[in-house]
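In terms of my numbering, the sequence shown opens at residue 181 and continues consecutively.
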Amino acid sequence: MNNVIKEFDAEPFDLTKILNSVQSLSLQSSPQEKVLVILGATATGKSSLAMKLAETFNTEIISADSMSVYKNFNIGTAKPTAQELKKIRHYLIDILEPDEKFSVAEFVKLASEIITEMNSRGKIPIVVGGTGLYIQALIEGYKFYDDVKSQEKFFLETGKLKYNALVIGLTASRQKLYERINERTKKMFDAGLVEEVQKLLSAGVKPNAQAMLGIGYKETVEFLKGAATFDETISKVSQATRNFAKRQLTWYRRMNYIKFFNVE
């Protein structure tokens, strides 16, 4: 990856331009259902932008994050605050217990139903998150089936968008992205991530529960076991998050309909 992610041909972040694009989408007449998507690497400000757009256009948000579905996993998932959740309605947040599994097929089913319902009310849903497979499967209309071993399979029929979708991506130079990730990791621990994990464990959540396998949680469990120092734990979480961001960016390169903005 170069210092600036040229592969995405990102424009400088311009909120006015984004607002105009969303307004244009809202005015379009289309047989397809409409949806606004905001994606990007972790720590690029997706949720903040989604909140601004939801307030401006009086609409609601669908979370496309594979960790935010779990109840009481708040700090390590950078979940919207209680105040934000009260201000703007969010879907697919806090819907599962920590030991439950969640699949891309389940996400697509639930999200597509919400999109249809919101369009029927004249609202353009905002899908926001960093789980690239979830978003791509949703907006490209992946079809799902079970094979004889009951293993989930999926295939893409045409590669065309199922929706009349405006897909906005947020990106940054590698240096700036890493700075943002390191800062976000520190803020998570300052906000009480260790205390959150300790409370979850004390409440009976198993260390090997599905939700505890997320970045930030598994490293904190190891810290509480005495397997690493506090500083080592912060470093491990930062590194794991940087690696995750690289995987996110790699995934987005296959989605050539994304309009990228550089948040620097």
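Backbone N, C-alpha and C fix where the C-beta goes; we use that ideal spot for every residue, glycine too.
For residue j and residue i, the rounded distance between their alpha carbons
| i | j | result |
| --- | --- | --- |
| K251 | A345 | 30 Å |
| I315 | N254 | 21 Å |
| N362 | Q419 | 9 Å |
| V308 | V377 | 25 Å |
| R354 | E191 | 16 Å |
| L205 | I319 | 16 Å |
| E264 | M231 | 8 Å |
| G321 | V401 | 38 Å |
| G406 | F324 | 43 Å |
| F282 | A408 | 30 Å |
| K340 | M368 | 38 Å |
| E286 | R434 | 22 Å |
| I438 | K197 | 15 Å |
| N436 | K303 | 26 Å |
| I241 | I294 | 10 Å |
| N388 | K266 | 32 Å |
| K356 | D370 | 21 Å |
| R427 | M392 | 20 Å |
Short Cβ contact (8 Å threshold) for residue i with residue j
| i | j | result |
| --- | --- | --- |
| I273 | S227 | no |
| E280 | Q390 | yes |
| R422 | Y358 | yes |
| V202 | L233 | yes |
| I310 | T222 | Reading off the sequence shown, one finds Gly at residue 310, where the question assumed Ile. A contact, by the Cβ cut-off of 8 Å. |
| Y432 | L216 | no |
| L373 | G394 | no |
| V288 | A262 | no |
| V249 | L207 | no |
| V451 | P278 | Because the chain here runs from 181 to 444, residue 451 falls outside it and cannot be looked at. |
| F440 | D189 | yes |
With 16 other Cβ atoms within 10 Å as the buried cut-off, status of residue i
| i | result |
| --- | --- |
| E399 | buried |
| A425 | buried |
| K329 | For K329, the pLDDT reaches just 48, beneath the cut-off of 50, and the residue's location in the model is therefore unreliable, leaving the point undetermined. |
| P305 | buried |
| D194 | exposed |
| T445 | For the chain, the structure presents residues 181 to 444; residue 445 sits outside this window and is missing. |
| S246 | buried |
| L429 | buried |
| T239 | buried |
| A291 | buried |
| K214 | buried |
Nearest candidate by alpha-carbon position, reference residue i, set the options
| i | options | result |
| --- | --- | --- |
| E375 | L404, K266, P278 | L404 |
| R360 | L265, L393, E402, V443 | V443 |
| K342 | T296, S283, F440 | T296 |
| S209 | R364, K356, I218, N299 | N299 |
| N200 | M392, L290, K214, T236 | T236 |
Test: residue i CB closer than 8 Å to a CB of chain B
| i | result |
| --- | --- |
| Q263 | Considering every chain present, this structure includes no chain B. It has just one protein chain. |
message: Does the segment 341-352 come into contact with the segment 403-423, if we say contact requires no fewer than three beta-carbon pairs (one atom in each stretch) closer than 8 Å?
response: Contact between the segment 341-352 and the segment 403-423 is absent, because fewer than three Cβ pairs lie under 8 Å.
message: I want to know whether the segment 264-272 touches the segment 378-388 - three or more CB-CB distances under 8 Å.
response: No contact exists between the segment 264-272 and the segment 378-388.
- prompt: Is the segment 258-269 in contact with the segment 219-236, if contact means three or more CB pairs nearer than 8 Å?
  reply: With the cut-off at 8 Å, the segment 258-269 and the segment 219-236 touch.
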